[in-house]
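Asks: Dropping the structure in here first, questions after.
This is the structure in structure tokens:
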């Protein structure tokens with residue numbers, strides 16, 4: 055009788071736990087540069103850490119060193135999947151907004167701000183029209199949308215940032231999602247709220263006299279991932295954008311917010327579907343599993 059052989063050698067280590075590349079990860083696990091090894095790249099990493107601590111940072115030097123050490127960074131993330139705060143401690147240059155965008159481009163070969171905002175802004179007019187149509191009706195959702203749109207209309211300045219902020223606040227209301235745990239607020243005079251156990255959130259720091267539920271000019275907005283503030287930005291649109299870049303560093307794949315086209319079907323039913331994009335791009339893509347996780351996904 056022939057004995058059936060195992061497909062794998064019992065003495066070989068299992069690779070089943072190694073993170074697999076996502077569709078957008080062009081440079082998933084690149085090779086080390088010629089003449090470089092983990093030891094030499096580790097020395098460059100320590101040099102980056104010291105440079106970031108300086109008051110006057112040499113940004114071109116940091117960019118060059120981050121480019122050189124990219125394979126070491128990817129190896130650490132792919133093989134070990136460390137927590138976000140550990141990644142940020144090892145590579146503090148990722149807290150620099152431009153460097154975060156550069157890292158996203160290294161991984162996906164996509165210009166994150168250009169692609170994200172081009173796609174987002176393309177949908178803005180239709181989304182605003184959709185929300186106003188819903189707000190003109192009756193019901194809790196319509197009332198909540200009407201309140202946010204009233205605050206929007208009362209703003210003195212109506213630029214693209216105002217529209218983005220309004221849409222990002224009205225979209226979860228329209229989709230009837232509870233994002234109270236995601237959108238968090240504190241004043242600049244008070245202590246920051248307890249963030250232990252918070253997987254992901256946007257913390258808006260506002261002035262004491264700002265009582266509006268929608269903050270168009272916050273003091274700052276911090277991106278919270280795994281209970282730590284990883285970066286702070288001036289606007290909510292930038293915070294969503296940088297959160298997308300952070301997600302390129304981690305396997306946090308749950309998503310709850312999406313940009314949808316809502317259309318009527320036969321029989322009066324209303325269906326929701328992702329909008330047709332003019333080109334393959336970064337958009338907010340939905341699932342409905344954990345109602346406070348956001349990330350950008352490539353079509």
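In this note's numbering, the protein residues as written are 55 to 353. No residue lacks a Cβ here, since even glycine has one placed at the ideal position from N, Cα and C.
1. So, helix, strand or coil for residue 202, using DSSP?
2. If you draw a straight line from the alpha carbon of residue 231 to that of residue 290, how long is it in whole angstroms?
3. Using a Cβ-based criterion (distance less than 6 Å to any ligand heavy atom), does residue 118 qualify as near the ligand SAH?
4. Measure the alpha-carbon distance for residue 393 versus residue 284 and round it to whole angstroms.
5. If you follow the alpha helix (DSSP H) that residue 143 is in, where does it begin and where does it stop?
6. Under 6 Å Cβ to Cβ from residue 269, same chain only, skipping five residues before and after it: list those, please.
7. If you follow the alpha helix (DSSP H) that residue 132 is in, where does it begin and where does it stop?
8. Check whether the Cβ atoms of residue 370 and residue 264 sit closer than 7 Å, and answer yes or no.
9. Is it the case that the Cβ atoms of residue 102 and residue 119 are separated by a distance below 7 Å?
10. With respect to the alpha helix (DSSP H) encompassing residue 283, which residues constitute its N-terminal and C-terminal limits?
11. What is the rounded straight-line gap between the Cα of residue 154 and the Cα of residue 87?
12. Nearest by alpha-carbon distance to residue 158: which of 212, 82, 96, 280 is it?
13. My guess is that residue 218 and residue 174 are in contact by the Cβ rule of under 8 Å, so how many angstroms apart are they, rounded?
14. Could you have a look at residue 254 and say whether DSSP puts it in helix, strand or coil?
15. Would you mind reading off the limits of the beta strand (DSSP E) that contains residue 161?
16. Mapping DSSP to helix, strand and coil, what is residue 274?
17. Hey, out of 276, 125, 189, 200, whose CA is closest to residue 249's CA?
18. With burial defined as no fewer than 16 other Cβ atoms inside 10 Å of the residue's Cβ, what is the status of residue 180: buried or exposed?
19. Might you give, ordered along the chain, the residues of its own chain that have their beta carbon closer than 8 Å to the beta carbon of residue 256, omitting 5 neighbours on each side?
20. In its own chain, which residues sit with a C-beta less than 8 Å from the C-beta of residue 266, not counting the 5 before and 5 after it?
21. Is residue 82 helix, strand or coil when you go by DSSP?
22. Work out the CA separation of residue 199 and residue 188 for me, nearest whole Å.
Replies: The relevant details are as follows:
1. Position 148 of the chain shown holds residue 202. Look at residue 202 here: in three-state DSSP terms it is helix.
2. For this step, residue 231 is matched to residue 177 along the chain shown. For this step, residue 290 is matched to residue 236 along the chain shown. Roughly 18 Å separates the two Cα atoms.
3. As presented, the structure is devoid of all ligands, the ligand SAH included, so that no description of it is given.
4. Nothing can be reported for residue 393, as the shown portion of the chain is limited to 55 through 353.
5. Translated into positions along the chain shown, residue 143 becomes position 89. Residues 138–144.
6. Taking the first residue of the chain shown as position 1, residue 269 is located at position 215. 258, 260.
7. Reading the chain shown from its first residue, position 78 is the one you call residue 132. Counting along the chain, the alpha helix (DSSP H) containing residue 132 begins and ends at 124–134.
8. Only positions 55 to 353 of the chain appear in the structure, and residue 370 is not among them; the question remains open.
9. Within the chain shown, the letter at position 48 stands for residue 102. Within the chain shown, the letter at position 65 stands for residue 119. Residue 119 is positioned such that its CB atom lies closer than 7 Å to that of residue 102.
10. Along the chain shown, read from residue 1 onward, the residue named residue 283 stands at position 229. Counting along the chain, residue 283 falls outside any alpha helix (DSSP H), though it belongs to the beta strand (DSSP E) covering 282–287.
11. Your numbering for residue 154 matches position 100 in the chain shown. Your numbering for residue 87 matches position 33 in the chain shown. Cα to Cα, the separation comes out at about 21 Å.
12. Translated into positions along the chain shown, residue 158 becomes position 104. Nearest C-alpha to residue 158: 82.
13. Against the chain shown, residue 218 aligns to sequence position 164. Against the chain shown, residue 174 aligns to sequence position 120. Approximately 7 Å separates the beta-carbon atoms of residue 218 and residue 174; this is inside 8 Å, confirming the contact.
14. For the purposes of this step, residue 254 is taken as residue 200 along the chain shown, with counting starting at 1. Strand at residue 254.
15. On the chain shown, residue 161 is found 107 positions in, with the first residue counted as 1. First-last for residue 161: 151–162, but that is the alpha helix (DSSP H), not the beta strand (DSSP E).
16. As a first step, residue 274 must be located in the chain shown, where it is residue number 220. Residue state, collapsed to three classes: strand.
17. Here residue 249 refers to the residue found at position 195 of the chain shown. Cα-wise, what sits closest to residue 249 is 276.
18. The residue labelled residue 180 in the question sits at position 126 within the chain shown. It counts as exposed.
19. By one-based count along the chain shown, residue 256 stands at place 202. Excluding sequence positions up to five before and after residue 256, its CB lies within less than 8 Å of the CB of 236, 237, 238, 275, 276, 277, 278, 290, 293, 294, 297, all in the same chain and listed in chain order.
20. Within the chain shown, the letter at position 212 stands for residue 266. Correct list, in chain order: 205.
21. Numbered from its first residue, the chain shown carries residue 82 at position 28. Three-state result, residue 82: coil.
22. Working through the chain shown from its first residue, we reach residue 188 at position 134. Working through the chain shown from its first residue, we reach residue 199 at position 145. Distance between the alpha carbons of residue 188 and residue 199: 8 Å.
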